[in-house]
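*Asks:*
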Amino acid sequence: MGTGAITQYVDVAQVVVYLFLFFFVGLVVYLTLESKREGFPLETERFGKIRREYGILGMPRIKKFVTEFGETYFAPMANPPNTEKVSAVPIHPWNGAPLAPVGNPLLAGVGPGSYANRADHVDYDLEGHARIRPLRKLHEISISKIDTNPIGLSVIGADGQKAGTVTDVWVDHMEMLIRYLEVDVAGNRTLLPINFSRIGKRDIKVQSILASQFNQVPKTKHPEEVTLLEEEKIMAYFGAGTLYATPGRQEPLI
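Set out below in structure tokens:
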């Protein structure tokens, strides 16, 4: 027998190949099952009726997770929730047709205004403090003198009208980044995501929504803290405005 042979028909290299194949197949099966702990079972309307599909290999066993907020979460859920009510209707009678929002499109939670139902808890830092806080609570942080300080500047909507005035800046003090501008809109405190603003020397322009639409931006429960779910809803509101702020934005360019 040659070098490495175990019998006349089996050698070490062949055994290693078989072991690798068994390991690889097992890894694929494991990852397929673990990937179903969120988002499964799927919902389909292919036959005109909403039903659940579990995909290949079925569902994994229920596993217990303890979240950073001290809550217990089981995945996959033993009893998945009923189909979520969507504030939208199909624009055509066939399956897979695009959805048109019902009611206020900026709050419908569809299209560019979709959001994930994240935990309704504040994102804390390593010391137990809220990660995102206004500058009035962060005395060790200030706006650089070489940059334009947005506090006191007017916020201009996509229609060119004034929506309000910036009263404070909310900072992610772990990343040293501005996350939100606190805007006084007719006496109400509103958070404007920095991603949707363009800070100039004299004012701040927002192209996603109109000035009159600022008063319906989702509010926070706490005046100096924002939860993960509230962040999702605020970002979704401004995201929806990129398509639904005016009827003309939904029309074809040509």
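1 is the number of the first residue of the sequence shown in full-length UniProt numbering; add one for each residue after it. No residue lacks a Cβ here, since even glycine has one placed at the ideal position from N, Cα and C.
Rounded to whole angstroms, what's the CA-CA distance from valine 89 to glycine 103? Just pull it up for me.
*Replies:* 11 Å
*Asks:* Figure out for me which residue from Tyr244, Gly58, His139, Glu43 has the closest Cα to the Cα of arginine 52.
*Replies:* Glu43
*Asks:* In the region 105-168, which residue ranges form an unbroken beta strand (DSSP E) of at least 3 residues, counting only runs that do not cross its ends?
*Replies:* You should have 132-134, 154-156.
*Asks:* Span of the beta strand (DSSP E) holding tyrosine 54?
*Replies:* Premise fails: tyrosine 54 is in no beta strand (DSSP E) and is neither H nor E.
*Asks:* Would you tell me roughly how many angstroms separate the C-alpha atoms of tyrosine 9 and valine 28, rounded to the nearest one?
*Replies:* 29 Å
*Asks:* Quick one: give me the first and last residue of the alpha helix (DSSP H) that isoleucine 234 is part of.
*Replies:* 228-244
*Asks:* Just to confirm the assignment, what range does the beta strand (DSSP E) spanning phenylalanine 24 have?
*Replies:* Careful: phenylalanine 24 lies outside any beta strand (DSSP E), inside the alpha helix (DSSP H) at 12-34.
*Asks:* For glutamate 68, is the classification buried or exposed, using 16 other Cβ atoms within 10 angstroms of its Cβ as the cut-off for buried?
*Replies:* exposed
*Asks:* With a threshold of 7 Å on Cβ separation, who are the neighbours of asparagine 149 within its own chain once the five nearest residues in sequence on each side are excluded?
*Replies:* Ile143
*Asks:* Check whether the Cβ atoms of aspartate 147 and leucine 210 lie closer than 8 Å to each other.
*Replies:* no
*Asks:* Could you tell me the boundaries of the beta strand (DSSP E) in which proline 90 lies?
*Replies:* 88-90
*Asks:* What's the gap between the Cα of histidine 173 and the Cα of histidine 139?
*Replies:* In this structure, the straight-line span from the alpha carbon of histidine 173 to that of histidine 139 is close to 11 Å.
*Asks:* Kindly give me the distance between the Cβ atoms of valine 206 and glycine 157, rounded to whole angstroms, as I take these residues to be in contact under 8 Å.
*Replies:* 6 Å
*Asks:* Throw me the rounded Cβ distance for the valine 169 and isoleucine 151 pair, which I believe falls under 8 Å.
*Replies:* 6 Å
*Asks:* Between which two residues does the beta strand (DSSP E) containing arginine 202 stretch?
*Replies:* Premise fails: arginine 202 is in no beta strand (DSSP E) and is neither H nor E.
*Asks:* Do the region 122-134 and the region 97-114 touch if we need at least three Cβ pairs shorter than 8 Å?
*Replies:* no
*Asks:* Since glutamate 43 is in the beta strand (DSSP E), which residue starts that stretch and which ends it?
*Replies:* 42-44
*Asks:* With a CB to CB cut of under 8 Å and the five nearest residues on each side skipped, what residues in its chain are close to arginine 249?
*Replies:* Within the same chain, and ignoring the five residues on either side of arginine 249 in sequence, the residues whose Cβ sits closer than 8 Å to its Cβ are Thr242, Leu243.
*Asks:* Please list, in chain order, all residues of the same chain as phenylalanine 196 whose beta carbon is under 7 Å from its beta carbon, the five residues on each side excluded.
*Replies:* Val206, Ser208, Phe238
*Asks:* Rounded to the nearest angstrom, what separates residue 280 and leucine 106 at their Cα positions?
*Replies:* Residue 280 lies beyond the stretch modelled for the chain, which goes from 1 to 254, so this question has no answer here.
*Asks:* Going along the chain, which residues of its own chain have a beta-carbon closer than 6 Å to the beta-carbon of threonine 165, five neighbours each way excluded?
*Replies:* Ser154, Asp184
*Asks:* Starting from threonine 220 and walking both ways along the beta strand (DSSP E), at which residues does that stretch end?
*Replies:* No beta strand (DSSP E) contains threonine 220, which DSSP labels as neither H nor E.
*Asks:* Taking the straight line between their C-alpha atoms, what separation do you get for glycine 116 and proline 93?
*Replies:* Checking the displayed sequence, the identity of residue 116 turns out to be alanine instead of glycine. Cα to Cα, alanine 116 sits roughly 27 Å from proline 93.
*Asks:* How should tyrosine 54 be labelled, buried or exposed, when 16 other C-beta atoms within 10 angstroms of its C-beta is the threshold for buried?
*Replies:* exposed
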